[in-house]
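**Student:** Could you have a look at this structure, given as structure tokens, before my questions?
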Amino acid sequence: MEGIFANRLYRSGHLHGATGKDVEALRDIGFGLIVDLRRPRERAAAPAPDLGIDTIASDLAEHTTSPHVGFLEAGDLRPEAVQAYLLGYYQAAPFTAHFKPLVAGLLDALGQGERPVLVHCTAGKDRTGLAVAIAQSIAGASRQSVLVEFMRSNKRLVDPQFREQARAQILSICGRGPTDALIEAFAGVQAGPLEAALDAIHCAGGMNAYVAGLRSLNRDAAR
Numbered sequence: 001m002e003g004i005f006a007n008r009l010y011r012s013g014h015l016h017g018a019t020g021k022d023v024e025a026l027r028d029i030g031f032g033l034i035v036d037l038r039r040p041r042e043r044a045a046a047p048a049p050d051l052g053i054d055t056i057a058s059d060l061a062e063h064t065t066s067p068h069v070g071f072l073e074a075g076d077l078r079p080e081a082v083q084a085y086l087l088g089y090y091q092a093a094p095f096t097a098h099f100k101p102l103v104a105g106l107l108d109a110l111g112q113g114e115r116p117v118l119v120h121c122t123a124g125k126d127r128t129g130l131a132v133a134i135a136q137s138i139a140g141a142s143r144q145s146v147l148v149e150f151m152r153s154n155k156r157l158v159d160p161q162f163r164e165q166a167r168a169q170i171l172s173i174c175g176r177g178p179t180d181a182l183i184e185a186f187a188g189v190q191a192g193p194l195e196a197a198l199d200a201i202h203c204a205g206g207m208n209a210y211v212a213g214l215r216s217l218n219r220d221a222a223r
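Residue numbers (UniProt numbering): 1 to 223.
Here it is as structure tokens:
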């Protein structure tokens, strides 16, 4: 990451399939903590390598499978339905029982400031992007800076191989060839849904109150 957490907070997709060289590079960074935002089923399907680094994850999941997968399987892929789904997903995400203790652990580790932290989910954009946005916001970053960092996830959309992989994955879920707009909606990110999440936090009392609530949680949920 650039800016407020340069060399202190890193984000990525899942680490399953990391090569020996990748593992060595991750260890060389000297992470003090890895925050794995994935659900139990995701972790079981794509286990992370043993890096010898403290890792927290949660078994509290409102959905046993990805809400994104559930939406695609339902089959209503009209642009307005996609947009409504993404807005609703992001508005709810900060308040889920699975997400909150993990973000609390992330903020604790950043507050200690001793060693860098890696946060990841499966794709490294939605849950991870939101967690990073919360960390940036509570540290005093502007809304614009938060959005700039979040939108960096779209850089990979210019890679034809990445787009083709995304197309094939969406096709396997919904049984029909996705439009470019659908690929960009689910393989990339949009500013609007993240702003909806941040606005939902504001309407619930503001970022400071939200983080205070996180710090009062029973941390046994994050292990």
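Think of the CB as a built atom: it goes at the ideal place given N, C-alpha and C, for glycine as much as any other residue.
Which word fits residue 202, buried or exposed, when buried means at least 16 other C-beta atoms lie within 10 angstroms of its C-beta?
**Tutor:** Residue 202 is exposed by the Cβ-count criterion.
**Student:** How do the stretch 152-162 and the stretch 84-93 stand: do at least 3 beta-carbon pairs fall below 8 angstroms, yes or no?
**Tutor:** Segments in contact, no.
**Student:** Going by beta carbon distance, what residues of the same chain come within less than 7 angstroms of residue 16, once the five residues before and after it are set aside?
**Tutor:** Closer than 7 angstroms at the Cβ level, and outside the excluded window around residue 16, lie 46, 47, 48.
**Student:** Run the CB neighbour count on residue 129, radius 10 Å, all protein chains shown included, and call it buried at 16 or more, exposed below.
**Tutor:** The residue is buried, with at least 16 neighbouring Cβ atoms inside 10 Å.
**Student:** From this set, 206, 199, 75, 205, which residue's C-alpha is nearest residue 87's C-alpha?
**Tutor:** Checked all of 206, 199, 75, 205; the closest Cα to residue 87 is 199.
**Student:** Look at the alpha carbon of residue 217 and the alpha carbon of residue 141, and state the distance between them as a whole number of angstroms.
**Tutor:** So the alpha carbons of these two residues sit roughly 25 angstroms apart.
**Student:** Please confirm whether any heavy atom of the ligand ATP lies closer than 7 angstroms to the CB of residue 29.
**Tutor:** As for the ligand ATP, it is missing from this structure, which has no ligand bound.
**Student:** Just to confirm before moving on: does the CB-CB distance between residue 157 and residue 184 stay below 8 angstroms?
**Tutor:** Yes, Cβ-Cβ distance for residue 157 and residue 184 is below 8 angstroms.
**Student:** Among 178, 83, 197, which residue has its Cα nearest to the Cα of residue 132?
**Tutor:** Nearest C-alpha to residue 132: 197.
**Student:** Could you give the DSSP three-state label for residue 58: helix, strand or coil?
**Tutor:** In this structure, residue 58 counts as strand in the three-state DSSP scheme.
**Student:** Among 118, 126, 79, 176, whose alpha-carbon lies nearest the alpha-carbon of residue 89?
**Tutor:** Here the closest residue by C-alpha is 126.
**Student:** Let me check one thing: in DSSP terms, what residues is residue 34 bridge-paired to?
**Tutor:** According to DSSP, residue 34 bridges with 55, 118.
**Student:** Under DSSP, the alpha helix (DSSP H) around residue 172 begins and ends at which residues?
**Tutor:** Residues 160-174.
**Student:** Considering only the alpha carbon of each residue, which of 146, 57, 154 lies closest to residue 239?
**Tutor:** Nothing about residue 239 can be reported from this structure: the residues present for the chain run from 1 to 223 only.
**Student:** Does the distance from the C-beta atom of residue 98 to that of residue 60 stay below 8 angstroms?
**Tutor:** A contact, by the Cβ cut-off of 8 angstroms.
**Student:** Check whether the Cβ atoms of residue 32 and residue 101 sit closer than 8 angstroms, and answer yes or no.
**Tutor:** No, the Cβ-Cβ distance between residue 32 and residue 101 is not below 8 angstroms.
**Student:** Please classify residue 39: does DSSP put it in a helix, a strand, or coil?
**Tutor:** Residue state, collapsed to three classes: coil.
**Student:** Short of 8 angstroms in beta carbon distance, which residues of its chain neighbour residue 194, apart from the five on each side in sequence? Order them along the chain.
**Tutor:** Here the set comprises 90, 129, 130, 133, 146, 147, 150.
**Student:** Which partner residues does residue 12 have in the DSSP bridge list?
**Tutor:** Per DSSP, 120.
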